[in-house]
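Taking it in order: structure first as structure tokens, then the write-up.
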Amino acid sequence: MSFPRWLVALGAIGLIWTVTGSSTYTEQVVTSIAPVAAAAQPTSGGGQDLGDGTKLATWQMVNGRKEFRLTVAPTPWEIKPGVVRQAYAINGTVPGPVIRVNEGDKLRILVKNDMPEDTAMHWHGMVLPNDQDGVPLLTQPLIEPGQTYTYEWTAVSTGSHWYHSHMHGEQEGRGVYGSLEIVPRIGEIAADRDYRIMVGDGALGFVINGKSFPATAPLRARVGERVRFRLIGTGPEMTHPMHLHGGFFEVVAQDGMRRAFPERMDTLLVGVGQTFDIIFTPTVPGKWMMHCHIFSHSETHEGMSGLVSILYVDPPAVSLPDLSQLPPAVPGLPQLPLPTIPLPGLPLLGEHGNHK
Amino acid sequence: MSFPRWLVALGAIGLIWTVTGSSTYTEQVVTSIAPVAAAAQPTSGGGQDLGDGTKLATWQMVNGRKEFRLTVAPTPWEIKPGVVRQAYAINGTVPGPVIRVNEGDKLRILVKNDMPEDTAMHWHGMVLPNDQDGVPLLTQPLIEPGQTYTYEWTAVSTGSHWYHSHMHGEQEGRGVYGSLEIVPRIGEIAADRDYRIMVGDGALGFVINGKSFPATAPLRARVGERVRFRLIGTGPEMTHPMHLHGGFFEVVAQDGMRRAFPERMDTLLVGVGQTFDIIFTPTVPGKWMMHCHIFSHSETHEGMSGLVSILYVDPPAVSLPDLSQLPPAVPGLPQLPLPTIPLPGLPLLGEHGNHK
Amino acid sequence: MSFPRWLVALGAIGLIWTVTGSSTYTEQVVTSIAPVAAAAQPTSGGGQDLGDGTKLATWQMVNGRKEFRLTVAPTPWEIKPGVVRQAYAINGTVPGPVIRVNEGDKLRILVKNDMPEDTAMHWHGMVLPNDQDGVPLLTQPLIEPGQTYTYEWTAVSTGSHWYHSHMHGEQEGRGVYGSLEIVPRIGEIAADRDYRIMVGDGALGFVINGKSFPATAPLRARVGERVRFRLIGTGPEMTHPMHLHGGFFEVVAQDGMRRAFPERMDTLLVGVGQTFDIIFTPTVPGKWMMHCHIFSHSETHEGMSGLVSILYVDPPAVSLPDLSQLPPAVPGLPQLPLPTIPLPGLPLLGEHGNHK
Chain A
1 MSFPRWLVAL GAIGLIWTVT GSSTYTEQVV TSIAPVAAAA QPTSGGGQDL
51 GDGTKLATWQ MVNGRKEFRL TVAPTPWEIK PGVVRQAYAI NGTVPGPVIR
101 VNEGDKLRIL VKNDMPEDTA MHWHGMVLPN DQDGVPLLTQ PLIEPGQTYT
151 YEWTAVSTGS HWYHSHMHGE QEGRGVYGSL EIVPRIGEIA ADRDYRIMVG
201 DGALGFVING KSFPATAPLR ARVGERVRFR LIGTGPEMTH PMHLHGGFFE
251 VVAQDGMRRA FPERMDTLLV GVGQTFDIIF TPTVPGKWMM HCHIFSHSET
301 HEGMSGLVSI LYVDPPAVSL PDLSQLPPAV PGLPQLPLPT IPLPGLPLLG
351 EHGNHK
Chain B
357 MSFPRWLVAL GAIGLIWTVT GSSTYTEQVV TSIAPVAAAA QPTSGGGQDL
407 GDGTKLATWQ MVNGRKEFRL TVAPTPWEIK PGVVRQAYAI NGTVPGPVIR
457 VNEGDKLRIL VKNDMPEDTA MHWHGMVLPN DQDGVPLLTQ PLIEPGQTYT
507 YEWTAVSTGS HWYHSHMHGE QEGRGVYGSL EIVPRIGEIA ADRDYRIMVG
557 DGALGFVING KSFPATAPLR ARVGERVRFR LIGTGPEMTH PMHLHGGFFE
607 VVAQDGMRRA FPERMDTLLV GVGQTFDIIF TPTVPGKWMM HCHIFSHSET
657 HEGMSGLVSI LYVDPPAVSL PDLSQLPPAV PGLPQLPLPT IPLPGLPLLG
707 EHGNHK
Chain C
713 MSFPRWLVAL GAIGLIWTVT GSSTYTEQVV TSIAPVAAAA QPTSGGGQDL
763 GDGTKLATWQ MVNGRKEFRL TVAPTPWEIK PGVVRQAYAI NGTVPGPVIR
813 VNEGDKLRIL VKNDMPEDTA MHWHGMVLPN DQDGVPLLTQ PLIEPGQTYT
863 YEWTAVSTGS HWYHSHMHGE QEGRGVYGSL EIVPRIGEIA ADRDYRIMVG
913 DGALGFVING KSFPATAPLR ARVGERVRFR LIGTGPEMTH PMHLHGGFFE
963 VVAQDGMRRA FPERMDTLLV GVGQTFDIIF TPTVPGKWMM HCHIFSHSET
1013 HEGMSGLVSI LYVDPPAVSL PDLSQLPPAV PGLPQLPLPT IPLPGLPLLG
1063 EHGNHK
């Protein structure tokens, strides 16, 4: 839900007026509302580790645009200890760096092709000029080996999207993709944690964020937190039913667009090209898996492998009262047993043994 | 949303009463409402080209029923220039002609089998008598080579459906299917354009409306129009994540049933047997692709191929004011930059070069 | 939707007070509300045939817990007459018995491994202590051949779920799974019939509830009844577009969670690990198929086979008035023909011949 800017502005005025207790409304408005001071704009940014095996793309402000530089090149890539595959990495990593900007930012993205084959880059989910759409031979010429191509567009399509090579699926399968996140001015999805789960099934094998379990990045959260996962089906070939252990999640957005009515589930079909924002609020500490439920993608005779991530859930940072000991609400009424909410410290935990 | 007939009738009465300014309500009703004159019913119809590579089935009125004749026969079928496959065409085309009728129409459909093998025709999504359901050996005998079988039923299941052979998937894969559209009396989905996207993955290869890109029919629209696509998964084998460039669409109906809350997305899983009605309102002129995002279905090392359609979007027929130049709403409040809506004529277009 | 217990209690008090007409509220509450007499709890149960090829698991109460015993063992399993495959059956059947308990029940489940390989059992969709989650080497040791492992947890995750082996998919494909149904205290989905459709695509072939058509259990219903299907994708490999003939159904829950807005459709993608509760209200008698619409999973050149169930729909148990003969609502208004609802006895039936 978003509000018109003038309504937000009026709300701010009202708030200030209330707080200052002014008795002369008109005067107060005039004197208390100074033009919003423009915060000093940083001239560069990015590079942070996002805790899920990805990191932010770096940028610098050049002539009013955030400028990103992506170089795609053949790179040996270790998907798990001892298993190295030939990738096409972007700036040395699979996936490429996370491009994360604000709604309204003007962007310039320079794509340098150091692969031995042609390419083009598509900004999936973006509303932009047709000649910036990145479809070779349809909306632009091929980017040939050694060439650099410049894309310029303004970020107006908010939410979780992605960018990827728009050549045959082999390039995608070797890693030519990354997360593309346009933070909305109003209405960002509230979350305590923010993790990407980019699912791949090409020449690198079954990988999440470029890694195969047990090399996938360990994710962390606490009981009671809102954990946001950005699921992205990078393909290039399969639909994956992604399953979460330990409860259910809510699907709050699809392809960057907020859902009017978030549905709850524990398994979600993620097809090639789709993105989903889901929110999981863990209620029980432990090691909870997120994995593809097609077991040939996630398990072998030697245990879990491939499309598996583990969310390590710690106890909550605050303690909660034990609601099961409340006295009866009405004298004379029997106290029905409460459904035992499995929070740490409550009786359900430690029932079986080693987990107390 | 639909209204009871009596409510519509009362609304009509009220409208007439208001317009005529009658002061005697009861009398006016009686005198102004004559029985609706039955429009002269046409006795035949169909045959129009629908602009998407399909055309309407022809019919003639026989004893109070719209009578359609479908002949299924082996036919060499060119899926793209120079590539001919052996199809089972209906009345000479793949897909078969679009059967489009009104809610309440009584139908008679004669299916002649000129294939060298048995068949039966299923009216997918229809509520009808069980013996008209078209499942061979379960609800009817086989239609043997050379035989003609007659189906009779009344169209009560509104929306976008399809018909297809209900023998093993090979017949479907060779083209024995078509769109089946029951126009509702009230509540039709409003649209400026109406295109079918029937996705096939059988013996004819990866085809949309029987053709493989670049032979798929070029689709046309203008900025600001509501473009309706009827997506139909004809299979016989695969689920296709259909992706639209240039923005997002709304899913307004599934299997002919209106969605209570249309969700917005840019990629939609279309499984075998499913139909979806989606609405796309383009905001930027250009060549925007609709394609399966599994690239082995839609792209080769030589460029796009297979499950690809292009929507050619022209500038709008009306011009819109440039909202970015509005003065500040509240004196003293700074004017935040509006998100740049990429409409033609606004600054976003032509940023990069050849597309102005 | 659920209400706090105290609100329900107050409602009950108010109801009693109103009925008895007491003028002294406080006194009345005290005297009229006796503690709810605890119904005599049964000490064992289960074993009933559910009419869909499955039966309830048996249990007995042991130290305040419902105790179930599951033994997994190699078993020759006839998927259809004359076709026997090597299964891993639970208590001798594929699928294993249906574990059906109440919200709040404390469970103990003893899993005995009589297979020649390791295993572990996962309670899919349950909120429970991490060490009861059944992921070998992550949350528990392997259950080696000959060993028995004990799981203890409390049923708090209501709705339709399932249990299954969490080893590589081969065990799942051979039958190590069953339905897991937690009946909620408030808000159970109302239905006249309750059938399971567990879809498998592993070493046993394409099976519904362990059987391949025509050996799948014949399902029965009457026109006008609410028929609940619990669709469960047991995999281990594929997504199946499950299609229903004869009308549409409503998706009322996913993975056990109620949908805020049930959508209507006739074909639903069921991926591995997903469960859906759907409601179908047949309007026409006859033999209506539920089948996977990928025909290589459900049909051969010799007719339907594999992932096919038939719902035999009988006429309604009550008769309905013929609404098409109502007189015009407003004198002078023409009577538009009603859409012909295909109920038995109305004109639509018997149009074509053998089904009257």
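So the protein sequences, as listed, match chains A, B and C. Residue 1 is where the first sequence starts when you use the numbering used here, and the numbers rise one by one after that. Residue 357 is where the second sequence starts when you use the numbering used here, and the numbers rise one by one after that. Residue 713 is where the third sequence starts when you use the numbering used here, and the numbers rise one by one after that. Beta carbons: idealized from backbone N, C-alpha and C, even for Gly.
*When every heavy atom of the ligand GDP is checked, does at least one fall within less than 7 Å of the C-beta of F280/A?*
Because no ligand of any kind appears in the structure shown, any question about the ligand GDP cannot be addressed here.
*Do G612/B and S521/B come within 8 Å of each other at the CB atom, strictly closer than that value?*
Not a contact, by the Cβ cut-off of 8 Å.
*Give the residues from the segment 992–1023 of chain C that approach chain B closer than 8 Å (Cβ to any Cβ), ordered along the chain.*
Identification of residues in the segment 992–1023 of chain C having a C-beta nearer than 8 Å to some C-beta of chain B yields T995, V996, P997, G998, K999, W1000, M1001, H1005, I1006, F1007, S1008, E1011, T1012, H1013, G1015, M1016, I1022, given in sequence order.
*First and last residue of the uninterrupted beta strand (DSSP E) at H147/A*: Inspection of the sequence shows that residue 147/A is occupied by Gln rather than by His. In this chain, Q147/A is not harboured by any beta strand (DSSP E), its DSSP state being neither H nor E.
_Can you list, in chain order, the residues of its chain with a C-beta nearer than 6 Å to that of Y195/A? Leave out the 5 residues immediately preceding and following it._
Contacts found: D52, L219, F229.
*Is the CB of T239/A under 8 Å away from at least one CB in chain B?*
Cβ-Cβ to chain B under 8 Å: yes for T239/A.
*Could you give the distance in angstroms between the alpha-carbon of E181/A and the alpha-carbon of V101/A?*
Distance between the alpha carbons of E181/A and V101/A: 6 Å.
*Applying a beta-carbon distance threshold of less than 7 Å, which residues of chain A neighbour F424/B?*
Those do not exist, as F424/B stays about 35 Å from chain A at its closest Cβ, beyond 7 Å.
*Please report how far the alpha carbon of H955/C lies from the alpha carbon of T283/A, in whole angstroms.*
Their backbone Cα atoms lie some 36 Å apart in a straight line.
*asked:* Here's the rule I'm using: 16 or more other beta-carbon atoms within 10 Å means buried, otherwise exposed. How should T158/A be labelled?
replied: Looking at its Cβ environment, which holds 16 or more other Cβ atoms inside 10 Å, T158/A is buried.
_Please tell me whether L981/C has its Cβ less than 8 Å away from any Cβ of chain A._
By this cut-off, L981/C is an interface position.
*Could you tell me which of W509/B, M477/B, N469/B, M482/B sits nearest to E500/B, measuring between CA atoms?*
Closest option to E500/B, Cα to Cα, is N469/B.
*Compute the Euclidean distance between the alpha carbons of V98/A and D49/A, then round it to the nearest angstrom.*
Whole-angstrom Cα-Cα distance: 10 Å.
*Since G178/A is in the beta strand (DSSP E), which residue starts that stretch and which ends it?*
Element bounds for G178/A: 177–183.
*K792/C and A929/C: beta carbons closer than 8 Å?*
No; because the gap between Cβ atoms is not below 8 Å, this pair is not in contact.
*Pick from Q132/A, T119/A, G187/A that is closest to L107/A, judged by C-alpha positions*: Of the listed residues, the one whose Cα sits closest to L107/A is Q132/A.
*Taking F941/C as the query, report the chain B residues whose CB atoms sit under 8 Å from its CB, ordered along the chain.*
Near F941/C there are no residues of chain B at all, since even the closest Cβ is about 16 Å away, more than 8 Å.
*Since F992/C sits in a beta bridge, which residues does DSSP pair it with?*
DSSP, once it has assigned bridges, lists V939/C, F961/C as partnering F992/C.
*Are the C-beta of D408/B and some C-beta of chain A separated by less than 8 Å?*
No, no contact with chain A.
_With a threshold of 8 Å between beta-carbons, can R226/A be considered close to chain B, or not?_
Answer no: the Cβ-Cβ gap between R226/A and chain B never drops below 8 Å.
*Using 8 Å as the threshold, is the segment 137–157 of chain A in touch with the segment 186–193 of chain A, meaning 3 or more CB pairs across them?*
Contact fails: fewer than three Cβ-Cβ distances are below 8 Å.
*Leaving out five residues on either side along the sequence, give the residues of the same chain with a beta carbon under 7 Å from the beta carbon of Q859/C.*
Cβ within range, chain order: N825.
*8 Å Cβ cutoff, A445/B in contact with chain C*: Against chain C, the CB of A445/B has no partner CB under 8 Å away; the residue lies outside that interface.
*Counting only beta-carbon atoms, is D978/C nearer than 8 Å to chain B?*
D978/C counts as touching chain B.
*Cβ of M969/C less than 8 Å from any chain A Cβ?*
Yes, M969/C counts as interfacial toward chain A.
*For S400/B, the nearest candidate out of G452/B, K422/B, G603/B, L412/B (CA to CA)*: The option with the nearest alpha carbon to S400/B is K422/B.
*Find the residues of chain B that neighbour H168/A, judging by a C-beta separation of less than 7 Å, and give them in chain order.*
Against chain B, the beta carbon of H168/A has neighbours under 7 Å at F651, E655, T656, H657, listed in chain order.
*On the premise that F617/B lies in contact with F973/C, defined as a C-beta separation below 8 Å, what is that separation, rounded to the nearest angstrom?*
Indeed, because the Cβ distance is near 6 Å, the residues count as touching under 8 Å.
_Completely contained beta strand (DSSP E) runs for the segment 92–126 of chain A, where each covers 3 or more residues_ = For the segment 92–126 of chain A, whole beta strand (DSSP E) runs of length 3 or above, ordered along the chain, are 99–102, 106–113, 121–124.
*Determine the burial state of E172/A: buried for a count of at least 16 other Cβ atoms within 10 Å of its Cβ, exposed for fewer.*
Around the CB of E172/A, 16 or more other CB atoms lie within 10 Å, so the residue is classed as buried.
*At least one CB of chain A closer than 8 Å to the CB of G561/B: is that the case?*
With 8 Å as the cut-off, G561/B does not count as an interface residue toward chain A.
_Can you list, in chain order, the residues of its chain with a C-beta nearer than 6 Å to that of G104/A? Leave out the 5 residues immediately preceding and following it._
Apart from the 5 residues on each side of it in sequence, G104/A has no Cβ closer than 6 Å to any other Cβ in its chain.
_Near-chain B residues of the segment 80–104 of chain A (beta-carbon distance less than 7 Å), N- to C-terminal order_ = The residues in question are E103, G104.
_L625/B versus P285/A, P241/A, G286/A, R258/A, residue with shortest Cα-Cα distance_ = In terms of Cα proximity to L625/B, the closest of P285/A, P241/A, G286/A, R258/A is P241/A.
*Kindly list the residues whose CB is nearer than 7 Å to the CB of P592/B, restricted to its own chain and excluding five residues on each side of it in sequence; keep chain order.*
So the qualifying residues of the chain are G525, E528, G529, G558, V628.
*asked:* Quick check: the Cα distance between L137/A and T58/A, rounded to an integer number of angstroms?
replied: Distance between the alpha carbons of L137/A and T58/A: 29 Å.
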